[in-house]
């Protein structure tokens, strides 16, 4: 009777020297493969068993980097990597990096406090969306060039501005908020405010307005008798 030779396990090595990690492929009796990682750390031999070669290579690479740099921490699993890629994909839909998206979320979360961000967005859409418009940087650049051309500046100035802005918008993409003063004024009037001569306001309002003019006298060129202010309608 001839004894069948046992199939030898294949070995994959990741890294070198003290940071080397070996991956043993073991063929189990049930037909499935088992991937065993083995490495030395802190004078002891450590092993870890996984059922996926892709994840085994991922953990082995992280372990090698950790041993090389002397870092002690948890390895990222395949699920962690998949989750990271999913989040990066969501951020990419809005032409943003994951880091920028998290910075924006953290900033909004800090401002909103206990208010749900979805509620804050709905309130903004109901009260501010008609005042602040979103435009692409390329659109704003084209409008600026058009305004310079209409103002009567030289053709060389217009061409130079167009070239500079084209290079800028080619490297920096995204949207920016544009304040619509006309719509903002309509919103203020709709809330019950009206324009009134400062001299015709009640004495208490005149007192505060005069104090405000004194504080900003170096930057404002306004006369009290000619000034107009917004007050809440009666």
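Residue numbers (the numbering used here): 1074 to 1307. Idealized CB from N, CA, C, for every residue including glycine.
Item, Value
"For residue 1301 and residue 1269, the rounded distance between their alpha carbons", "5 Å"
"Collapsed DSSP secondary structure at residue 1087 in the structure displayed", "strand"
"Inter-residue Cα distance where the pair is residue 1236 and residue 1229", "11 Å"
"For residue 1122, three-class secondary structure by DSSP", "strand"
"Proximity below 9 Å, CB of residue 1133 to CB of residue 1157", "no"
"Whether residue 1190 touches residue 1181 by CB criterion (9 Å)", "yes"
"Residue nearest to residue 1118 in terms of C-alpha spacing, selected from 1094, 1227 and 1217", "1094"
"From 1106, 1097, 1137 and 1122, residue whose alpha carbon lies closest to that of residue 1114", "1137"
"Cross-strand partners of residue 1111 (DSSP beta bridge)", "1095 and 1120"
"Backbone CA spacing between residue 1196 and residue 1188 [nearest angstrom]", "11 Å"
"Residues that residue 1269 bridges to, as DSSP identifies them", "1302"
"Residue from 1106, 1112 and 1131 with nearest C-alpha to residue 1124", "1106"
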